[in-house]
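Asks:
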Amino acid sequence: MRRFSKILFILIVLFSLFCPNIYAQSPNLQKQVDELKEKIASKVAQLNLVEKKAIFGTVSDISDSQISLLTISNEPRFVDVDELTKFSSSSSNSFGISDINKNMSLGVIGLFNKDSRRTQARLIYEEQKPPVIIYGAVYAIDAKNFTITVAKENGAKNIVEIETVTKTYSYSNEDLLKAGFSKIKEGETIVAVGVLDIANKNKIIASRVFLFPEILASSKINLDKSIPTVPASTGSGVKLQPIVK
């Protein structure tokens, strides 16, 4: 009994020594818990505002830390770049922000902030422009500038520039043969594949040209040079009809 009394006395003393500290620390502990809750709530709110997103567009403006893009639907998009942003290009092993120019096509994968409407880029890659395919007949040949004018069924005409890297083929006798600029003839059926010239939307830089000397040009294609060319529009909104004599 005496031993039990001693143990009880020791417990009472210990409790009296440590309890004040516990009560003193409780307000601080509650404050820390409240601060942690606020941080978690803030982080959850931030996560709800951010989503992974991929965007594609043409560069309209650029700086060391920001890229402005115009999407296919002509909507502006703002992209932020930091030290975590990676760059990629099929045409270069050292592609970086210093290699990006206006009118370049880019794809961006990153974190889109719904509040600021900005994208924090995690990957930026050079997007190859989709090829333009022109089908028609050779209307004119400019041997000096290595260009040809192609007339199409809808009445429009496009200039096709032939570069040293342009591959030209002629489909004859069921064989596809390599050809050159000198083999192109007026009135010949042609298919040209290339990309639009930034400076001239009516012109393409050809990567491949296919000639079909044995296939007659479509009857819908007008190759008569005696008929004067009249602009389809004056620019004032009044459309003009071609004059046919």
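Counting in my numbering, the sequence shown runs from 16 upward without gaps.
In this text, a Cβ means the ideal position worked out from N, Cα and C, and glycines have one as well.
All values derive from a computational prediction rather than experimental measurement.
Provide the residue(s) that pair with Lys182 in DSSP beta bridges, ordered along the chain.
Replies: In the sequence shown, residue 182 corresponds to position 167, counting from 1. According to DSSP, which records beta bridges pairwise, Lys182 is partnered with Arg223.
Asks: Compute the minimum distance between the beta carbon of Asp97 and the heavy atoms of the ligand NAD, and state whether it is under 8 Å.
Replies: Among the ligands in the structure shown, none appear at all, so the ligand NAD cannot be discussed.
Asks: Quick check on Leu226: buried or exposed, where buried means 16 or more other Cβ atoms within 10 Å of its Cβ?
Replies: Along the sequence shown, read from residue 1 onward, the residue named residue 226 stands at position 211. Under this definition Leu226 is a buried residue.
Asks: Do Ile82 and Leu121 have their C-beta atoms within less than 9 Å of each other?
Replies: Residue numbering aside, residue 82 sits at position 67 when the sequence shown is read from its first letter. Residue numbering aside, residue 121 sits at position 106 when the sequence shown is read from its first letter. Yes, the pair counts as a contact, with Cβ atoms nearer than the cut-off.
Asks: With a threshold of 16 other CB atoms inside 10 Å of the CB of Ala171, please say whether the residue is buried or exposed.
Replies: By 1-based counting over the sequence shown, the position of residue 171 is 156. Answer is exposed; the Cβ neighbour count stays below 16.
Asks: May I ask you to report which of helix, strand or coil DSSP gives Asp157?
Replies: To locate residue 157, count along the sequence shown from 1; it is residue 142. Here Asp157 sits in strand by DSSP.
Asks: Could you say which of Val74, Leu64, Thr73, Asn116 lies nearest to Leu126 if we only look at CA atoms?
Replies: Stepping through the sequence shown from its first residue, residue 126 is reached at position 111. Taking only the C-alpha atoms, the option nearest Leu126 is Leu64.
Asks: Does DSSP put Ser197 in a helix, in a strand, or in coil?
Replies: Here residue 197 refers to the residue found at position 182 of the sequence shown. Ser197 falls in the helix class under three-state DSSP.
Asks: Taking C-alpha atoms, which residue in Ile220, Lys200, Ala155 lies nearest to Gly209?
Replies: Here the question's residue 209 lines up with position 194 in the sequence shown. Residue Ile220 is the option with its Cα nearest to Gly209.
Asks: Check whether the segment 185-197 touches the segment 136-143, counting contact only when three or more Cβ pairs, one atom from each stretch, lie closer than 8 Å.
Replies: Result no; under three Cβ-Cβ pairs closer than 8 Å.
Asks: Could you tell me which whole beta strand (DSSP E) segments of length 3 or greater appear in the segment 95-160?
Replies: Listed in chain order, the complete beta strand (DSSP E) runs (minimum 3 residues) inside the segment 95-160 are 101-103, 120-128, 133-141, 147-157.
Asks: For Leu211, write down the residues that DSSP places opposite it in a beta bridge.
Replies: Counted from its first residue, the sequence shown places residue 211 at position 196. Answer is Ile219.
Asks: Going by DSSP, what residues sit across from Ala166 in a beta bridge?
Replies: Your numbering for residue 166 matches position 151 in the sequence shown. According to DSSP, which records beta bridges pairwise, Ala166 is partnered with Ala152, Lys172.
Asks: Counting Cβ pairs, one atom from each stretch, are 3 or more of them under 8 Å apart for the segment 110-119 and the segment 154-172?
Replies: No: fewer than three Cβ pairs fall under 8 Å.
Asks: As a quick exercise: from Ser80, Ile148, Val123, pick the residue whose alpha carbon is nearest that of Arg137.
Replies: By one-based count along the sequence shown, residue 137 stands at place 122. Of Ser80, Ile148, Val123, the residue nearest in Cα terms is Val123.
Asks: Tell me, to the nearest whole angstrom, how far the beta carbon of Asp95 is from that of Arg132; I am working on the premise that it is less than 8 Å.
Replies: Residue mapping note: residue 95 aligns to position 80 of the sequence shown, counting from 1. Residue mapping note: residue 132 aligns to position 117 of the sequence shown, counting from 1. Actually they are not in contact, since the Cβ atoms of Asp95 and Arg132 sit about 11 Å apart, beyond 8 Å.
Asks: Do the CB positions of Ile174 and Phe196 come within less than 9 Å of each other?
Replies: Walking along the sequence shown from the start, residue 174 turns up at place 159. Walking along the sequence shown from the start, residue 196 turns up at place 181. Cβ atoms of Ile174 and Phe196: not closer than 9 Å.
Asks: Cβ atoms of Ala232 and Ile7: under 9 Å apart, would you say?
Replies: Nothing can be reported for residue 7, as the shown portion of the chain is limited to 16 through 260.
Asks: Could you pull the DSSP bridge partners for Thr204 from this structure?
Replies: Sequence index remark: in the sequence shown, residue 204 carries index 189 (1-based). For Thr204, which the question treats as bridged, DSSP gives the partners Ala152, Phe227.
Asks: Between the C-alpha atoms of Glu98 and Asp79, what's the straight-line distance to the nearest angstrom?
Replies: Stepping through the sequence shown from its first residue, residue 98 is reached at position 83. Stepping through the sequence shown from its first residue, residue 79 is reached at position 64. Taking the straight line joining both Cα atoms gives about 11 Å.
Asks: Where Glu53 and Lys101 are concerned, what is the direct C-alpha to C-alpha distance, given to the nearest angstrom?
Replies: The sequence position of residue 53 within the sequence shown is 38, counting from 1. The sequence position of residue 101 within the sequence shown is 86, counting from 1. Glu53 and Lys101: Cα-Cα distance of roughly 33 Å.
Asks: Which of the three DSSP states is assigned to Lys240 in this structure?
Replies: As a first step, residue 240 must be located in the sequence shown, where it is residue number 225. In the structure shown, Lys240 sits in coil (DSSP, three-state: anything other than H, G, I, E or B).
Asks: Along the chain, where does the beta strand (DSSP E) that runs through Ser233 open and close?
Replies: Within the sequence shown, numbered from 1, the residue matching residue 233 stands at position 218. Run containing Ser233: none; DSSP gives neither H nor E here.
Asks: Which same chain residues, not among the five before or five after Leu211, have their C-beta less than 7 Å away from its C-beta?
Replies: As a position in the sequence shown, residue 211 is number 196, starting the count at 1. Result list for Leu211: Val147, Ile219, in chain order.
Asks: Please report the residue range of the beta strand (DSSP E) in which Thr73 lies.
Replies: Position 58 of the sequence shown holds residue 73. Thr73 -> beta strand (DSSP E) spans 65-77.
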